[in-house]
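Undergrad:
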Ligand SMILES: Nc1ncnc2c1ncn2[C@@H]1O[C@H](COP(=O)(O)OP(=O)(O)O)[C@@H](O)[C@H]1O
Ligand SMILES: [Mg+2]
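In this note's numbering, the protein residues as written are 239 to 766.
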């Protein structure tokens, strides 16, 4: 069928022109109009072909194809009407040229398609479909991929392993392990990192759904990829903030516990010093009275012996001698004379011990001491041993191997607390027949104090936790888990460090290293 003169025919357009917006098959293949597609110089067939091409493009959403407007026949009229329609459609459609809504007869489906295309292209997500075989080959990717990832949809579709190849290697295992779930559950959602063209990994939320046909056979997988990088970064920042806050809370709790503990130790120190002071007075006068008593007893015994001799000399009064002899026997004088000296000596020894304990209490407490002073650490250790004696006296002996150490600038009462904690821990670790070895020495301008035991030892897996506040392996009531953390802080404050070496079943050795001349509160030493 040839359309020689479109203009001179009937007013009803040819059925071929209205059934489809494509050149009718009866027309010979039309070359693209070489010139004057607007109609100038073109044959009717050429102009009709141009008209069909423009309508075909319009169906695809492109309203810019040239129309054969030059001429005076009905084809020109149709072209002009179409031009009007195209203009309206272009005016109605937003920016994207692909979204023009066709109007006119039979355009419902096209209309729907255009709307979907518009939505797909303009939704913030990347919409895609892939084969339902689980190998991730994409069959369609929306234009948004270019904006979000800087990839052309074509390149994503062409490369069958594009999707897998661009997932962050760390996220691949999680996706692989649950990918087949889509076939059992019908849908799936992941969050993973996807490499954009510039090499950055963007966090994506991928929401997939399996599409099946009426028989239930999987046809394809459709999904949407949303860039959630900002949310992830925010979450990360929030998480970090939360962790920082938790650390701060822990630190506050520890500080509070340590304050309470040092407050307690200070009260104990004060109590000890108070008791020491109170006992000091009576012990003082009892001690001096005892000394006098020993003299008096000696004198009295001498007196009795003198009388006895004198009475023996009075031979004319034998009954007197008999009577004093009876009295002496009744009083068990010989035993009494011997024993009283022993009693007085024992009492004086006991008093000396009480005096030593009182002195130790005073030394231990160093009450009111806030100044850094040079102190003899051996005296501190000795006074601490006296106070702690009760802890270990039935199960361990103390072996001292003191070296020659110079006085150390320190807060002596606090260092005594450290020695106390270490000695009490050593004694807790010992069941029986223990030996607590205390050695001291110097190196350069430092002194070291080593407190070792042959007790239970510390298991390697908890060795790095023993300095943590509240870490204890002891039953409630026996351990607070604060001894070592406080000791660590005190030694730290002195610019020193604590080291520990332990063998399970063999024993433990704590070594405190201190600078001899610490200038006030110290800079932090590295944690052991
Ligand atoms: N000499 C030691 N021998 C064996 N274990 C020890 C020794 N010193 C400390 N430990 C371990 O370290 C933990 C923490 O000690 P510490 O902070 O003094 O708290 P506490 O003595 O109240 O448990 C103890 O519970 C114990 O498990
Ligand atoms: Mg302890």
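Beta carbons are placed, not taken as given, at the ideal position from N, Cα and C, and that holds for glycine. Given the structure is predicted, the values throughout are model-derived calculations rather than measurements.
Please return the same chain residues whose Cβ sits closer than 6 Å to the Cβ of residue 281, not counting the five positions on each side in sequence.
TA: none
Undergrad: From residue 468 to residue 348, what does the alpha carbon distance come to, in whole angstroms?
TA: 37 Å
Undergrad: Closest by CA to residue 287, which one among 300, 495, 485, 304?
TA: 304
Undergrad: Between 689, 489, 609, which lies nearest to residue 739 when the distance is taken from Cα to Cα?
TA: 689
Undergrad: Are residue 585 and residue 658 touching if we call contact CB-CB under 7 Å?
TA: no
Undergrad: Looking only at its own chain, which residues have a Cβ that is under 8 Å from the Cβ of residue 704, when we skip the five neighbours before and after it?
TA: 696, 722, 738
Undergrad: From which residue to which residue does the alpha helix (DSSP H) around residue 351 run?
TA: 346-360
Undergrad: Does any heavy atom of ligand 1 sit closer than 6 Å to the C-beta of residue 710?
TA: yes
Undergrad: Look at residue 198 and residue 402 and say whether their C-beta atoms are less than 7 Å apart.
TA: This structure gives no information on residue 198, because the portion of the chain shown stretches from 239 to 766.
Undergrad: To test your reading of the DSSP string, which unbroken alpha helix (DSSP H) runs of 4 or more residues are found completely within the segment 449-535?
TA: none
Undergrad: For residue 565 and residue 544, what's the separation of their Cα atoms in angstroms?
TA: 15 Å
Undergrad: Counting only runs that start and end within the segment 633-701, where is the alpha helix (DSSP H) found for 4 or more residues in a row?
TA: For the alpha helix (DSSP H) assignment, the uninterrupted runs of no fewer than 4 residues enclosed by the segment 633-701 are, from N- to C-terminal side, 650-667, 698-701.
Undergrad: Could you give the first and the last residue of the continuous beta strand (DSSP E) run that contains residue 616?
TA: No beta strand (DSSP E) contains residue 616, which is instead part of the alpha helix (DSSP H) from 615-630.
Undergrad: What would DSSP say about residue 704, mapped onto helix, strand or coil?
TA: coil
Undergrad: Where residue 538 and residue 729 are concerned, what is the direct C-alpha to C-alpha distance, given to the nearest angstrom?
TA: 58 Å
Undergrad: Assuming the contact rule is C-beta atoms closer than 8 Å, residue 595 and residue 624 should be a hit. Round their C-beta distance to whole Å, please.
TA: 6 Å
Undergrad: Do three or more CB pairs link the segment 380-393 to the segment 312-330 at distances below 8 Å?
TA: no
Undergrad: For residue 366 and residue 471, which I take to be in contact (beta-carbon distance under 8 Å), what is that distance rounded to the nearest angstrom?
TA: With 8 Å as the limit, residue 366 and residue 471 do not qualify as a contact, their Cβ atoms being about 24 Å apart.
Undergrad: Hey, how far is the Cα of residue 267 from the Cα of residue 425?
TA: Interpretation of residue 267 is limited by its pLDDT of 41, a score under 50 that renders its predicted location unreliable; no figure is taken from the coordinates.
Undergrad: Would the C-beta of residue 839 count as close to ligand 1, meaning under 6 Å from any of its heavy atoms?
TA: A query on residue 839 cannot be resolved here, the shown segment of the chain reaching from 239 to 766 and no further.
Undergrad: Within 10 angstroms of the Cβ of residue 681, are there 16 or more other Cβ atoms? Answer buried if so, exposed if not.
TA: Residue 681 comes out exposed.
Undergrad: Counting only the same chain and skipping the five closest in sequence on each side, list residues whose C-beta sits under 6 Å from that of residue 404.
TA: Counting only Cβ-Cβ distances below 6 Å, and skipping sequence neighbours, we find 432, 433.
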